[in-house]
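Visitor:
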Amino acid sequence: MKDLYHPTIIRHSKSPSNFREDPPDDREVVTLEAYNPLCGDEFTLYLYMQGELIEKVQFSGYGCAVSKAMTSLLTERLEGKRILESKVLLSDLRKMLIDNGESPRTLLDEFVPFMEVRNYPERMTCVTLSIDALVDYFEPNKDRL
Amino acid sequence: MSVFNNYRIQLDARKLDGMLKLGKHIRKEFPIFQNAPHVYLDSAATSHKPQRVIDAVSRFYSTQYGSIHRALHTRSAEATRIYEMGRSRVEHFIGANKPSEIIFTGGTTESINQVAFGFAVPRIKEGGNIVISAMEHHANFLPWQRICTQYGLSLRRIPLTDAGEIDEVAASELIDENTLITALVQVSNVLGTVNDLNPIIAHAHSLQVPVLVDAAQSIGHMDVNVQALDCDFLAFSGHKMLGPTGVGVLYGKYTYLEQMEPWRFGGEMVLHAGLERSKFKEPPHRFEGGSPHSAGVAGLIAAIDFLEEAGVSNIQRYSDQLLSHMIDQLQAEEDVQILADPKQRSGLVSFVLKDIHPHDVASILGETNIAIRAGHHCAQPLLRDLGIPVTNRASIHCYNDEDDIEALMDGIRRVKSYFH
Numbered sequence: 003m004k005d006l007y008h009p010t011i012i013r014h015s016k017s018p019s020n021f022r023e024d025p026p027d028d029r030e031v032v033t034l035e036a037y038n039p040l041c042g043d044e045f046t047l048y049l050y051m052q053g054e055l056i057e058k059v060q061f062s063g064y065g066c067a068v069s070k071a072m073t074s075l076l077t078e079r080l081e082g083k084r085i086l087e088s089k090v091l092l093s094d095l096r097k098m099l100i101d102n103g104e105s106p107r108t109l110l111d112e113f114v115p116f117m118e119v120r121n122y123p124e125r126m127t128c129v130t131l132s133i134d135a136l137v138d139y140f141e142p143n144k145d146r147l
Numbered sequence: 347m348s349v350f351n352n353y354r355i356q357l358d359a360r361k362l363d364g365m366l367k368l369g370k371h372i373r374k375e376f377p378i379f380q381n382a383p384h385v386y387l388d389s390a391a392t393s394h395k396p397q398r399v400i401d402a403v404s405r406f407y408s409t410q411y412g413s414i415h416r417a418l419h420t421r422s423a424e425a426t427r428i429y430e431m432g433r434s435r436v437e438h439f440i441g442a443n444k445p446s447e448i449i450f451t452g453g454t455t456e457s458i459n460q461v462a463f464g465f466a467v468p469r470i471k472e473g474g475n476i477v478i479s480a481m482e483h484h485a486n487f488l489p490w491q492r493i494c495t496q497y498g499l500s501l502r503r504i505p506l507t508d509a510g511e512i513d514e515v516a517a518s519e520l521i522d523e524n525t526l527i528t529a530l531v532q533v534s535n536v537l538g539t540v541n542d543l544n545p546i547i548a549h550a551h552s553l554q555v556p557v558l559v560d561a562a563q564s565i566g567h568m569d570v571n572v573q574a575l576d577c578d579f580l581a582f583s584g585h586k587m588l589g590p591t592g593v594g595v596l597y598g599k600y601t602y603l604e605q606m607e608p609w610r611f612g613g614e615m616v617l618h619a620g621l622e623r624s625k626f627k628e629p630p631h632r633f634e635g636g637s638p639h640s641a642g643v644a645g646l647i648a649a650i651d652f653l654e655e656a657g658v659s660n661i662q663r664y665s666d667q668l669l670s671h672m673i674d675q676l677q678a679e680e681d682v683q684i685l686a687d688p689k690q691r692s693g694l695v696s697f698v699l700k701d702i703h704p705h706d707v708a709s710i711l712g713e714t715n716i717a718i719r720a721g722h723h724c725a726q727p728l729l730r731d732l733g734i735p736v737t738n739r740a741s742i743h744c745y746n747d748e749d750d751i752e753a754l755m756d757g758i759r760r761v762k763s764y765f766h
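Okay, structure coming up:
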């Protein structure tokens, strides 16, 4: 279990990046809900878009250490990315975490600690919660398995 | 049962002080603790089974099995005898008036649905309401919500006091002459509160309002007596009272059972099936459509044997002391917040650790085989009221002891060391 609660995950859960208590006033911001009815975890992701470019991502809400750390890292990683790059990143992340295929296209080193969740299948939704909310937004027609 | 009988003598002798290790001996009767050693603090979700319950189910299938109430051969007669004996055992266990007031169901959920759709729906009048409390399990919330939305009734939730008990004053205002039925929980599966339902039931009865009591969390933990409660319906499950899964009970006062309509139609519940219309059997059989879980009833009998031999009041006394001990330990621990402070609590406590999500707590405890629950405990409306999405819950039964509490506290300290 110590392996799942890797220092990276603990660090990001205790002081997450791009976390805010309240929603932003900015009406232009894209708001995504990431809700897990099984455990009550609920994050709201705020995407500041400039055309195809994600200028900044923030989030608010409540969740366990794993889901919060994952969301925190995602906000860092997506900042400054184009939508196409983000799609590739998210897809590679899902492959790495769920299908156990190391990504050939993107460097995902900082997400490696989350691979431990493969040993705790009941915690998998903690890892995929925000990833799936983003995938649903970027690729609304994609059938996720 | 000799082990338990020995301890029963000690329990009866009121030598309970300093006996918080009793569970260690009782545990020997529960094979899962030998086969898969763990610290089990999740009995409020489901209890473990003593060997005699497992044996009774196995014996039923190996030597006594046949279809009940149907065939004329000896296997059927033997199986029917055991099934009907189960009815009498439950009758005595909860103090009903006669065996025909006992209906076997799949569990509490099915019992409540039977009352909701077989009893409440046919009695619906315009402008009516249904009264429940703010601490109901989804099993005693969703059926009523469904009826209210479907038929345009209002669903009234009795609020809780700050201590986490059903607010009696509010109850007397909310239950009125337009109330179709009141459905209340005896022990909260989230807060552990033991509700004093008698005054509320008396008020309801003064207005001719029938009352259903959800006893899923109280049965086996305290003496549950339908005469003392004076409830009109009582629902509970076998699996939380050391019995098998998939079998439960609905008790109803016979006069109400006569008015209740079947909800599951099919085999065995009918007297005469005509092409135009059919005539159904008398209660309780008209409510037991299909082949029932007869082996579950055989196991339930063994669970009642166990509880009666140990003495439910003895279990309650032991468990109350152990629970107080657990609450003392949790309260003494920094950063632990306990939910609710009722006058009487039974078998469980909900708590949260400051800045640590309950799922992280339960996951880390699970790593060292300590089983506690994290979640909304099928009571989302209550947690929404409390402003807490999820909690940790530690719950006990007769097989727990102070070593389990020590393991829990060590575990909590380990969790804190991860995050602090």
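Line order of the protein sequences matches chains C and D. Residue numbers for the first sequence follow the numbering used here, so the first one is 3 and each next one is one higher. Residue numbers for the second sequence follow the numbering used here, so the first one is 347 and each next one is one higher. By construction, the Cβ of each residue, glycine as well, lies at the ideal position given by its N, Cα and C atoms.
Residues bridged to Met72 of chain C by DSSP?
Guide: Met72 of chain C is not bridged to any residue.
Visitor: If you draw a straight line from the C-alpha of Pro638 of chain D to the C-alpha of Val595 of chain D, how long is it?
Guide: Cα to Cα, the separation comes out at about 12 Å.
Visitor: Would you verify that the beta carbon of Ala423 of chain D is, or is not, closer than 9 Å to some beta carbon of chain C?
Guide: Not one chain C Cβ lies under 9 Å of Ala423 of chain D.
Visitor: What do you get for Tyr407 of chain D, buried or exposed, if any count of 16 or more other CB atoms within 10 angstroms of its CB means buried?
Guide: When all chains shown are included, Tyr407 of chain D counts as exposed.
Visitor: With 7 Å as the C-beta to C-beta threshold (strictly closer), list the residues of the segment 677-711 of chain D near chain C in chain order.
Guide: So the list reads His703, His705, Asp706, Ser709, Ile710, given in the order they occur along the chain.
Visitor: Quick one: using the 10 Å Cβ neighbour count with 16 as the cut-off for buried, is Glu748 of chain D buried or exposed?
Guide: Buried, since its Cβ has 16 or more Cβ neighbours within 10 Å.
Visitor: Cβ closer than 7 Å: which chain D residues qualify as neighbours of Tyr64 of chain C?
Guide: Residues of chain D passing the Cβ test: Pro735.
Visitor: Since Ile547 of chain D contacts Val557 of chain D with CB under 8 Å, what's their CB separation in whole angstroms?
Guide: Between Val557 of chain D and Ile547 of chain D the Cβ distance is about 5 Å, and since that is below 8 Å, they are a contact.
Visitor: Taking Cβ positions only, does Gly82 of chain C come closer than 9 Å to chain D?
Guide: Chain D contact via Cβ: absent.
Visitor: What number of angstroms, rounded off, separates the C-alpha of Pro25 of chain C from the C-alpha of Tyr48 of chain C?
Guide: Approximately 8 Å, taken between the alpha carbons.
Visitor: Quick one: residues in its chain with C-beta nearer than 6 Å to the C-beta of Gly369 of chain D, no 5 flanking neighbours on either side, listed in chain order?
Guide: Answer for Gly369 of chain D: Tyr745, Asn746, Asp747, listed in chain order.
Visitor: Could you tell me which chain C residues have their CB closer than 7 Å to the CB of Gly721 of chain D, listed as they occur along the chain?
Guide: Going along chain C in sequence order, the residues near Gly721 of chain D (Cβ under 7 Å) are Cys41.
Visitor: Output, in chain order, the set of chain D residues within a Cβ distance shorter than 8 Å of Tyr122 of chain C.
Guide: Within 8 Å Cβ-Cβ: Ser709.
Visitor: Go ahead and pull the three-state DSSP assignment for Val570 of chain D.
Guide: Three-state DSSP puts Val570 of chain D in coil, outside helix and strand.
Visitor: Measuring CA to CA, which of D:Thr426, D:Val658, D:Tyr411, D:Lys374 is closest to Pro396 of chain D?
Guide: Comparing Cα positions, the closest option is D:Lys374.
Visitor: Report the residues of the segment 9-24 of chain C with a CB closer than 9 Å to any CB of chain D, ordered along the chain.
Guide: The segment 9-24 of chain C vs chain D, Cβ under 9 Å: Ile12, Ser15, Lys16.
Visitor: Classify Lys625 of chain D as buried or exposed, calling it buried when 16 or more other Cβ atoms lie within 10 Å of its own Cβ.
Guide: The residue in question, Lys625 of chain D, is exposed, as its Cβ has fewer than 16 Cβ neighbours within 10 Å.
Visitor: What residue ranges within the segment 725-756 of chain D form continuous beta strand (DSSP E) runs of no fewer than 3 residues, ordered along the chain?
Guide: Listed in chain order, the complete beta strand (DSSP E) runs (minimum 3 residues) inside the segment 725-756 of chain D are 737-741.
Visitor: Along the chain, where does the alpha helix (DSSP H) containing Asp138 of chain C start, and where does it finish?
Guide: Residues 126-140.
Visitor: Out of D:Ile476, D:Cys494, D:Ala561, which has the shortest C-alpha to C-alpha gap to Glu523 of chain D?
Guide: Selected option, being the one with the closest Cα: D:Ile476.
Visitor: Give the DSSP bridge partners of Leu49 of chain C, in chain order.
Guide: In DSSP, Leu49 of chain C forms a bridge with C:Val32, C:Val59.
Visitor: Thr528 of chain D by DSSP, collapsed to three states: which one?
Guide: Correct three-state label for Thr528 of chain D: strand.
Visitor: Tell me where the beta strand (DSSP E) around Tyr122 of chain C begins and ends.
Guide: Where Tyr122 of chain C is concerned, there is no enclosing beta strand (DSSP E), given that its DSSP letter is neither H nor E.
Visitor: So, for Ser534 of chain D: in the same chain, excluding its five sequence neighbours on each side, which residues have a beta-carbon less than 6 Å away from its beta-carbon?
Guide: Once the five neighbours on either side are set aside, the close Cβ partners of Ser534 of chain D are Met481.
Visitor: At which residue ranges does the segment 638-682 of chain D contain complete alpha helix (DSSP H) runs of 4 or more residues, listed in the order of the chain?
Guide: Runs found: 640-656, 658-678.
Visitor: Could you check the C-alpha separation between Ala656 of chain D and Cys128 of chain C for me, to the nearest Å?
Guide: The straight-line gap from Cα to Cα measures roughly 43 Å.
Visitor: I need the straight-line Cα distance from Ser422 of chain D to Cys724 of chain D, nearest angstrom please.
Guide: Using only the alpha carbons, I get a separation of about 39 Å.
Visitor: Sorted by chain position, which residues of the same chain lie with C-beta nearer than 6 Å to Glu583 of chain D's C-beta, five sequence neighbours on each side aside?
Guide: Just to set this straight, residue 583 of chain D is Ser in the shown sequence, not Glu. The answer, listed in chain order, is Gly453, Thr454, Ala562, Gly594.
Visitor: Let me see if you follow: with CB-CB separation under 9 Å, is Glu44 of chain C close to chain D or not?
Guide: Chain D contact via Cβ: present.
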